[in-house]
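Colleague: So that we are looking at the same thing, I have put the structure below in structure tokens.
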Amino acid sequence: GAVVSQHPSRVICKSGTSVKIECRSLDFQATTMFWYRQFPKQSLMLMATSNEGSKATYEQGVEKDKFLINHASLTLSTLTVTSAHPEDSSFYICSALGLAGRREQFFGPGTRLTVL
Amino acid sequence: GQQLNQSPQSMFIQEGEDVSMNCTSSSIFNTWLWYKQDPGEGPVLLIALYKAGELTSNGRLTAQFGITRKDSFLNISASIPSDVGIYFCAGQLLSGNTPLVFGKGTRLSVIA
Chain L
1 GAVVSQHPSR VICKSGTSVK IECRSLDFQA TTMFWYRQFP KQSLMLMATS
51 NEGSKATYEQ GVEKDKFLIN HASLTLSTLT VTSAHPEDSS FYICSALGLA
101 GRREQFFGPG TRLTVL
Chain A
117 GQQLNQSPQS MFIQEGEDVS MNCTSSSIFN TWLWYKQDPG EGPVLLIALY
167 KAGELTSNGR LTAQFGITRK DSFLNISASI PSDVGIYFCA GQLLSGNTPL
217 VFGKGTRLSV IA
């Protein structure tokens with residue numbers, strides 16, 4: 001099956017620092033990846049759509065300068081949380097959409113970000 | 117953003133019982149997906165549905181794409197303790213690279 005990895009799985013950082021989260025499709029090429037944020041006991045909230053080689057499309061209310069997304073290759077998208085603050089603490093999950101017309105999205109295992 | 121109406125929100129059942137959960141929407145979807153999420157993990161795809169009326173099974177799981185394209189259900193037969201988790205329905209409004217719309221999830225607890 002399609003495997004998506006995320007790194008790191010957990011990160012704790014000080015307020016004001018920037019954190020980069022990587023999302024990789026391991027056994028398929030993903031033209032499109034999505035970044036979600038999930039608060040405890042809630043559903044997934046879409047943050048942005050990342051297309052390889054082009055600018056990401058951000059959902060309303062998501063600051064693009066705060067959450068930088070780069071999709072430089074067909075197997076890697078990165079999310080950088082800039083100048084992180086405690087309210088940015090959350091569970092961040094990426095998903096990848098494969099080529100050849102497949103409509104399933106496969107999710108990574110998530111990254112738990114804690115900002116002190 | 118748009119969300120699907122997923123019910124029930126939570127269920128407590130005895131091991132061996134069957135489970136049913138469903139999602140409805142006011143919009144027509146081209147794709148329905150069902151995911152399971154364990155604590156601290158990403159969602160894992162259980163079943164994908166592409167055609168109205170489609171009924172698909174994956175082991176003890178069965179899901180159907182409603183004929184009106186505005187609803188879907190997931191059944192789990194003969195539940196076991198490892199079925200515990202949160203189940204999400206997700207729909208895609210258009211084909212291609214459009215994002216999924218998620219339900220709020222059904223939290224399933226299985227009592228041995």
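Protein chains in written order, with our numbering: chain L, 1 to 116; chain A, 117 to 228.
Virtual Cβ for every residue (Gly too), placed ideally from N, Cα, C.
1. Mind checking A/P215: buried by the 16 CB within 10 Å criterion, or exposed?
2. What does L/P86 reach in chain A if we use C-beta pairs closer than 9 Å?
3. Chain A beta carbons: is any one of them nearer than 8 Å to that of L/R103?
4. With 7 Å as the C-beta to C-beta threshold (strictly closer), list the residues of the segment 139–155 of chain A near chain L in chain order.
5. I believe L/T75 touches L/A30 by the beta-carbon criterion, under 8 Å. Please report the beta-carbon distance rounded to the nearest angstrom.
6. Who are the Cβ neighbours of L/S50 in its own chain at under 6 Å, not counting the five residues just before and after it?
7. Checking the sheet assignment: what are the DSSP bridge partners for L/R24?
8. Using a Cβ-Cβ distance cut-off of 8 Å, determine whether A/L216 contacts chain L.
9. Considering only their Cβ atoms, is the gap separating A/S141 from A/L120 smaller than 8 Å?
10. If you compare alpha carbons, which of A/G219, A/S195 and A/S188 is closest to A/G169?
11. Taking beta-carbon pairs under 7 Å, can you tell me which members of the segment 68–95 of chain L lie near chain A?
12. So for A/D187, helix, strand or coil by DSSP?
Modeller: With the structure as the only source:
1. buried
2. Here the premise fails: no neighbours, minimum Cβ distance about 20 Å.
3. yes
4. T147 and L149
5. 7 Å
6. M33, A56, I69, H71 and S77
7. L/S5 and L/L76
8. yes
9. yes
10. A/S188
11. I93
12. strand
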